[in-house]
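Colleague: Protein chains in written order, with our numbering: chain V, 6 to 214; chain R, 23 to 302. Built from N, CA and C at the ideal position, the CB exists for glycine as well. No experiment lies behind these values; they were computed from the predicted model shown.
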Amino acid sequence: MIAKTIASILTLVFLTVVPCMAGSTDPMETIRTPIDALMVILNDPQYKEPGTKAAQRDEIWKIVKPMFDFVEISKRTVARNWRDFSDAEKTAFTDVFAQFLANTYIDKIQGEYHNEKIVYLNQDFYSDAYAEVKTQVLRETAEIPVNYRMFKDGADLWKVYDIIVEGVSLVKNYRTQFASILKKDKPAALIQMLNEKLAQQNQRLAENG
Amino acid sequence: MKMKNQLPLLALLLCILGHGLTWAASPATLAAPTGDESAAEAVPFDPFDPFDPFDDSTNDPFAGDDDAVQSVADPIVGFNRAMFAFNDKLYFWVLKPVAIGYRTVFPTPVRLGVKNFFYNLLTPVRFVNCLLQGKDEAAKGEFIRFMVNTTYGVGGLFNPAKNYPGLTPPAEDFGQTLGLYHAGNGFYIVWPLFGPSTLRDTVGSVGDWALNPLTFIKLIQVDAGELTTTTTGAAVFGLRTVNDTSFHIGDYEALKNAALDPYEAFRNAYIQNRNSRIAQ
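The structure is reproduced here in structure tokens:
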């Protein structure tokens, strides 16, 4: 039951996800702007027509992608094993993992969006370079806490490196899974597994329009 | 329930506990679960996570805290994986189709009423655990919420209390109370029907069961010579499960699809979620 709640939360987390505005220095604004834009796309009647799901997905991905630093996310999920990845493997892993996350969660938001509201609670600064933005997704039956952990990248932009939904860190959840795969297999095998998962996903998404 | 019905369950429980305890006492559990300690190179530091075992300890202001807090022992992984598979089939073959049908028949306000009713009914569990944890404000909130929703909310079917601050404290249970007093997880258990738990949270559920008003009803029925108590209990459990699920169809599938190893993903999510609720 808890797992189900968590899953719903994960979905909604992505509702909250947003891209960075160039030059913005406030972590909460960095999140809020793209999320508002995402809501507009979800409510846009032009995407209520059948056969427009893929176009909507692309549109959402364009808005959401700049919010995240996927290299950072990849490093954190792979953790110490990252040093065993060659440069080519690092790039390949980051690309496939980003695409995999995008497919999974954008599809989920598309399917489940029911006019949820997002409440932006506050932002905690750990230092000049680290901040946590706390939000809540208001659902029909529940309030789901969703926190974004962010850091300031080389270009002085705030980027999300982890999302915590109901206390469950996305990065840590993948970290345990990747760690047990990398204990037995080489990085190439993990990348291969992700590619296969992605191919299955793409096929399923194509079938559902 | 007659004793002979309980014997197989008891035997199973003892078997699991025995196995787990033997494992817990073995030296293997003392070894750190993570690999090479020497080269933490290139692993980013997460200032918000004092317990991250991958943190570079030179940067970590919380170095020395318990590394293993996010992980859980899983000595009965074979049994757990089998139960996970069983629950998965149960979801797709029974629970999901039933919940979809139920959702089609009953409109949202009705389902919400059922959900509110059970939540209100279980106030004693949360109230007592608030007190045990010394959370007086939360206990007060639970109490007032119960009074408001039972009267103005027509026996708990509605939730007028939600509009007032402080009347929706986080739900406490006995597993969290034990956790607050530093009881460790013990080890991970996946129960058929009930899903993920740990040794500690299973013990906690027994405590919560004792505070559940539905348990009192069952006991009264036993006194009255009712023979259908087990059926009644199962029916109530079934209704609650189906009703709750009707609000979350698609969530389980999404989390499962998002995982490379769903079993590990759910285990980790369960432990992370419980840890954060204990810390609240």
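DSSP three-state label for residue 136 (chain V), please.
Modeller: Residue numbering aside, residue 136 (chain V) sits at position 131 when the first sequence is read from its first letter. Three-state result, residue 136 (chain V): strand.
Colleague: Taking three-plus beta-carbon pairs below 8 Å as touching, is the segment 186-205 of chain V in contact with the segment 165-173 of chain V?
Modeller: Output reads no: the segment 165-173 of chain V does not touch the segment 186-205 of chain V.
Colleague: In terms of residues, what are the limits of the alpha helix (DSSP H) holding residue 154 (chain V)?
Modeller: Here residue 154 (chain V) refers to the residue found at position 149 of the first sequence. Where residue 154 (chain V) is concerned, there is no enclosing alpha helix (DSSP H), although the beta strand (DSSP E) it sits in stretches over 148-157.
Colleague: Hey, which unbroken runs of the alpha helix (DSSP H) at 4 residues or more fall wholly within the segment 175-208 of chain R?
Modeller: Counting whole runs of 4 or more residues, the segment 175-208 of chain R contains the alpha helix (DSSP H) stretches 196-202.
Colleague: Just to confirm, are residue 177 (chain V) and residue 302 (chain R) a CB contact at a threshold of 8 Å?
Modeller: Mapped onto the first sequence, residue 177 (chain V) falls at position 172. Mapped onto the second sequence, residue 302 (chain R) falls at position 280. Not a contact, by the Cβ cut-off of 8 Å.
Colleague: By Cβ distance below 6 Å, which residues in the same chain neighbour residue 208 (chain R) in space, the five residues on each side in sequence not counted?
Modeller: Here residue 208 (chain R) refers to the residue found at position 186 of the second sequence. Taken in chain order, the residues that qualify are 220, 221, 222.
Colleague: Closest to residue 205 (chain V) by C-alpha separation, out of R:156, R:123, R:280, would be which residue?
Modeller: Position 200 of the first sequence, counting from 1, holds the residue named residue 205 (chain V). Of the listed residues, the one whose Cα sits closest to residue 205 (chain V) is R:280.
Colleague: Is the segment 120-131 of chain V close to the segment 106-119 of chain R, with three or more CB pairs under 8 Å?
Modeller: Judged by Cβ distances under 8 Å, the segment 120-131 of chain V makes no contact with the segment 106-119 of chain R, as fewer than three pairs qualify.
Colleague: Count Cβ pairs between the segment 176-185 of chain R and the segment 137-146 of chain R that sit closer than 8 Å; are there 3 or more?
Modeller: With the cut-off at 8 Å, the segment 176-185 of chain R and the segment 137-146 of chain R touch.
Colleague: Short check: CB of residue 98 (chain V) to CB of residue 196 (chain V), under 8 Å?
Modeller: Position 93 of the first sequence, counting from 1, holds the residue named residue 98 (chain V). Position 191 of the first sequence, counting from 1, holds the residue named residue 196 (chain V). Going by C-beta atoms, residue 98 (chain V) is nearer than 8 Å to residue 196 (chain V).
Colleague: Excluding the five sequence neighbours on either side, which residues of its own chain have a C-beta within less than 7 Å of the C-beta of residue 149 (chain R), listed in chain order?
Modeller: Numbered from its first residue, the second sequence carries residue 149 (chain R) at position 127. Closer than 7 Å at the Cβ level, and outside the excluded window around residue 149 (chain R), lie 161, 164, 165.
Colleague: Nearest to residue 204 (chain R) by CA position, among R:101, R:300, R:276, R:68, is which residue?
Modeller: Working through the second sequence from its first residue, we reach residue 204 (chain R) at position 182. Of the candidates R:101, R:300, R:276, R:68, the one whose C-alpha sits nearest the C-alpha of residue 204 (chain R) is R:300.
Colleague: Restricting to Cα atoms, I'd like to know which of R:124, R:195, R:127, R:170 is closest to residue 155 (chain R).
Modeller: Taking the first residue of the second sequence as 1, we reach residue 155 (chain R) at position 133. The candidate whose alpha carbon is nearest that of residue 155 (chain R) is R:195.
Colleague: In chain V, which residues lie with their C-beta within 8 Å of the C-beta of residue 283 (chain R)?
Modeller: Position 261 of the second sequence, counted from the start, is the residue given in the question as residue 283 (chain R). Here the neighbours are 182, 185, 186.
Colleague: Do the CB positions of residue 113 (chain V) and residue 213 (chain V) come within less than 8 Å of each other?
Modeller: For the purposes of this step, residue 113 (chain V) is taken as the residue at position 108 of the first sequence. For the purposes of this step, residue 213 (chain V) is taken as the residue at position 208 of the first sequence. No, they are not a contact pair.
Colleague: Mark residue 166 (chain V) as exposed unless 16 or more other C-beta atoms lie within 10 angstroms of its C-beta, in which case mark it buried.
Modeller: Your numbering for residue 166 (chain V) matches position 161 in the first sequence. Result: buried.
Colleague: Taking the alpha-carbon positions, what's the residue 297 (chain R) to residue 51 (chain V) distance?
Modeller: One-based indexing of the second sequence puts residue 297 (chain R) at position 275. One-based indexing of the first sequence puts residue 51 (chain V) at position 46. Going from the Cα of residue 297 (chain R) to the Cα of residue 51 (chain V) covers about 43 Å.
Colleague: Could you tell me which whole alpha helix (DSSP H) segments of length 4 or greater appear in the segment 168-208 of chain V?
Modeller: List check, alpha helix (DSSP H) in window: 175-189.
Colleague: Quick one: using the 10 Å Cβ neighbour count with 16 as the cut-off for buried, is residue 174 (chain R) buried or exposed?
Modeller: Residue mapping note: residue 174 (chain R) aligns to position 152 of the second sequence, counting from 1. Exposed.
Colleague: So is residue 87 (chain V) buried or exposed if we call it buried at 16+ other beta carbons inside 10 Å?
Modeller: Translated into the one-based positions of the first sequence, residue 87 (chain V) becomes position 82. With 16 or more Cβ atoms within 10 Å of its Cβ, residue 87 (chain V) is classed as buried.
Colleague: Within the chosen definition, does the segment 61-74 of chain V reach the segment 29-46 of chain V through at least 3 CB pairs nearer than 8 Å?
Modeller: Yes: at least three Cβ pairs fall under 8 Å.
Colleague: Check this for me: beta carbons of residue 264 (chain R) and residue 127 (chain R), under 8 Å apart or not?
Modeller: On the second sequence, residue 264 (chain R) is found 242 positions in, with the first residue counted as 1. On the second sequence, residue 127 (chain R) is found 105 positions in, with the first residue counted as 1. For residue 264 (chain R) and residue 127 (chain R), no; Cβs fall outside 8 Å.
Colleague: Check distances from the C-beta atoms of the segment 89-101 of chain V to those of chain R and list, in chain order, the residues that come in under 7 Å.
Modeller: So nothing in the stretch comes that close.
Colleague: Are the CB atoms of residue 102 (chain R) and residue 181 (chain V) nearer to each other than 8 Å?
Modeller: Along the second sequence, read from residue 1 onward, the residue named residue 102 (chain R) stands at position 80. Along the first sequence, read from residue 1 onward, the residue named residue 181 (chain V) stands at position 176. No, the Cβ-Cβ distance between residue 102 (chain R) and residue 181 (chain V) is not below 8 Å.
Colleague: Which of helix, strand or coil does DSSP assign to residue 283 (chain R)?
Modeller: Here residue 283 (chain R) corresponds to residue number 261 of the second sequence, with the count starting at 1. Note: residue 283 (chain R) maps to coil in three-state DSSP.
Colleague: Do residue 129 (chain V) and residue 74 (chain V) have their C-beta atoms within less than 8 Å of each other?
Modeller: In the first sequence, counting from the first residue as 1, residue 129 (chain V) sits at position 124. In the first sequence, counting from the first residue as 1, residue 74 (chain V) sits at position 69. Going by C-beta atoms, residue 129 (chain V) is not nearer than 8 Å to residue 74 (chain V).
Colleague: Is there at least one Cβ from chain V nearer than 8 Å to residue 177 (chain R)'s Cβ?
Modeller: Taking the first residue of the second sequence as 1, we reach residue 177 (chain R) at position 155. No, residue 177 (chain R) lies away from the interface with chain V (no Cβ there is under 8 Å from its Cβ).
Colleague: What is the residue span of the beta strand (DSSP E) that residue 122 (chain V) lies within?
Modeller: Taking the first residue of the first sequence as 1, we reach residue 122 (chain V) at position 117. Its beta strand (DSSP E) spans residues 122-130.
Colleague: Within this structure, are the beta carbons of residue 153 (chain R) and residue 170 (chain R) separated by less than 8 Å?
Modeller: Position 131 of the second sequence holds residue 153 (chain R). Position 148 of the second sequence holds residue 170 (chain R). Their beta carbons are not under 8 Å apart, which means residue 153 (chain R) does not touch residue 170 (chain R) by this criterion.
Colleague: What are the complete alpha helix (DSSP H) segments, minimum 4 residues, inside the segment 252-282 of chain R?
Modeller: Those alpha helix (DSSP H) runs which fall completely within the segment 252-282 of chain R and span 4+ residues are 273-279.
Colleague: If we ignore side chains and look at the alpha-carbon of each, how far apart do residue 182 (chain R) and residue 158 (chain R) end up?
Modeller: As a first step, residue 182 (chain R) must be located in the second sequence, where it is residue number 160. As a first step, residue 158 (chain R) must be located in the second sequence, where it is residue number 136. Cα to Cα, residue 182 (chain R) sits roughly 22 Å from residue 158 (chain R).
Colleague: Which chain V residues sit within Cβ distance under 9 Å of residue 103 (chain R)?
Modeller: Position 81 of the second sequence, counted from the start, is the residue given in the question as residue 103 (chain R). Here the premise fails: no neighbours, minimum Cβ distance about 13 Å.
Colleague: Check whether the Cβ atoms of residue 198 (chain V) and residue 236 (chain R) lie closer than 8 Å to each other.
Modeller: Within the first sequence, numbered from 1, the residue matching residue 198 (chain V) stands at position 193. Within the second sequence, numbered from 1, the residue matching residue 236 (chain R) stands at position 214. Contact flag unset, no.
Colleague: Quick one: is residue 294 (chain R) near chain V, going by C-beta distance under 8 Å?
Modeller: One-based indexing of the second sequence puts residue 294 (chain R) at position 272. It does: the Cβ of residue 294 (chain R) has a partner Cβ on chain V nearer than 8 Å.
Colleague: Can you have a look at residue 116 (chain V) and say buried or exposed, based on whether 16 or more other CB atoms are within 10 angstroms of its CB?
Modeller: Here residue 116 (chain V) refers to the residue found at position 111 of the first sequence. That one is exposed.
Colleague: So residue 198 (chain V) contacts chain R; which residues on that side make the cut at Cβ distance below 9 Å?
Modeller: The residue you call residue 198 (chain V) lines up with position 193 of the first sequence. Chain R residues near residue 198 (chain V): 282.
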